[in-house]
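Enquirer: For what it's worth, this note's numbering labels the leading residue of the sequence shown as 7, then goes sequentially. The structure's right below; bear with me while I get my questions together.
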Amino acid sequence: MKLNERSLAFYATCDSPADNTGFLYKRGERHTAYHRRWFVLKGNMLFYFEERESREPVGVIVLEGCTVELCESVEDFAFAIRFGGAKSRTYVLAAESQAAMESWVKSLSRASFDYLRVVVRELEKQLEDMRCGVAGGCRGCWVSPGSWKPKPLGPERCPELLPALPTIQPKENGCAVWNNVLGTDQPSDTSGCGGHDGEGNPRPPPLPPRRRASSSEAGGAGAAAVETPSTFCQLHQRYGQEVARLRQDWLERRRGPQ
């Protein structure tokens, strides 16, 4: 990503949350005098302003490839940001209290991506150790994420050692059958009483007799079926004749006596 002064100034003063803010004393590069500056830490960038209300930062320190350590200085609570290399600059800063110095040293030490990379690797190792411990009870072995598979912890995970489940009874017309097994024919019970059969299964209760229609009901239903027109043409002819007759009567009344 390409950065310029405008984008850096916007990032330093935007509303994004900062990891740490506060006043620090910064030693000059050419002159050893300390100047009080307002520092803002965002990610791996440490911005410093002349005043807290300044709209643009004076400078920025990219915290990559550096170490943060305490140092001796004329100012109390001093610490240094050192970069590797012979010509690299060392930034010497001083806090206003012991608590502020410890807070800044901790925040700056954790700001680089190198530190985050180490933390992620350590967390991945701990996760794999936990998986290995759950799988086989060993805490010190390392298993790659792709080759790890859960192992059974006891006989309860083996299907051969599981107790046999009760057979689900079949259903007929949505109702469970009392004594019926798939693939077998059971003799019908002619005694008409309940109880249990030879295998201890409960017998079904006797079915109630079906109601048969009487001769009068059957005759009435048959007559109604005969008298009722069954087609649209018959209905149209029947009611059409009645409408025609009513229309003829209406016309004769309208004409009056001749």
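Every residue gets a Cβ at the ideal spot worked out from N, C-alpha and C, and that includes glycine.
1) Where does the unbroken alpha helix (DSSP H) through Gly246 begin, and where does it stop?
2) May I ask whether a heavy atom of the ligand FAD can be found less than 7 Å away from the beta carbon of Glu56?
3) Run through DSSP, which three-state label would Val126 get?
4) Check Leu14 in the structure and name its three-state DSSP category.
5) Do you know offhand how far Cys138's Cα is from Lys48's?
6) From Gln254 to Glu248, what does the alpha carbon distance come to, in whole angstroms?
7) Out of Ala141, Ala250, Leu76, Asp82, which has the shortest C-alpha to C-alpha gap to Arg88?
8) Figure out for me which residue from Lys32, Val68, Leu69, Thr73 has the closest Cα to the Cα of Phe5.
9) Taking 8 Å as the threshold, find out whether the segment 12–26 comes into contact with the segment 86–102 through three or more Cβ pairs.
10) When DSSP labels each residue in this structure, what does Val68 get in the three-state scheme?
11) Would you report the Cα separation of Ser118 and Ala141, rounded to the nearest angstrom?
12) So Asp25 and Ser113 are supposed to be a Cβ contact under 8 Å. How far apart are they, rounded?
13) Let's see if you can read the secondary structure: which residues bound the alpha helix (DSSP H) around Lys112?
14) As a quick exercise: from Glu62, Gly71, Gln240, pick the residue whose alpha carbon is nearest that of Asn10.
15) Should Leu30 be labelled buried (16 or more other beta-carbon atoms within 10 Å of its own) or exposed?
16) Looking at the secondary structure, which residues open and close the beta strand (DSSP E) in which Lys48 lies?
17) Closest to Tyr40 by CA distance: which of Tyr121, Gln240, Ala100 is it?
18) Should Met51 and Phe85 be called a contact, given that it needs their Cβ atoms to be closer than 8 Å?
19) Exposed or buried, what is Arg43 when buried is set at 16 or more other beta-carbons lying within 10 Å of its beta-carbon?
20) Alpha carbon to alpha carbon, how far is Asp120 from Glu102? Give it in angstroms, no decimals.
21) Can you tell me whether DSSP reads Ala84 as helix, strand or coil?
22) Does the separation of the CB atoms of Phe16 and Gly28 fall below 8 Å?
23) When the Cα atoms are used, what is the spatial distance from Arg116 to Ser13?
24) Cutting at 7 Å between CB atoms, please list the residues of its own chain near Glu35, excluding the five before and the five after it.
25) What does the alpha-carbon distance come out to for the pair Leu241 and Arg260?
26) I'd like the span of the beta strand (DSSP E) that includes Gly28, first residue to last.
27) Which partner residues of Thr73 appear in the DSSP bridge assignment?
Expert: Well, looking at it:
1) 238–261
2) The ligand FAD is absent from the structure shown, which contains no ligands of any kind.
3) helix
4) helix
5) 37 Å
6) 10 Å
7) Leu76
8) Because the chain is modelled from 7 through 264, residue 5 falls outside the range shown and cannot be assessed.
9) no
10) strand
11) 35 Å
12) 6 Å
13) 104–115
14) Glu62
15) buried
16) 40–48
17) Ala100
18) no
19) buried
20) 28 Å
21) strand
22) no
23) 24 Å
24) Arg95
25) 29 Å
26) 26–33
27) Arg88
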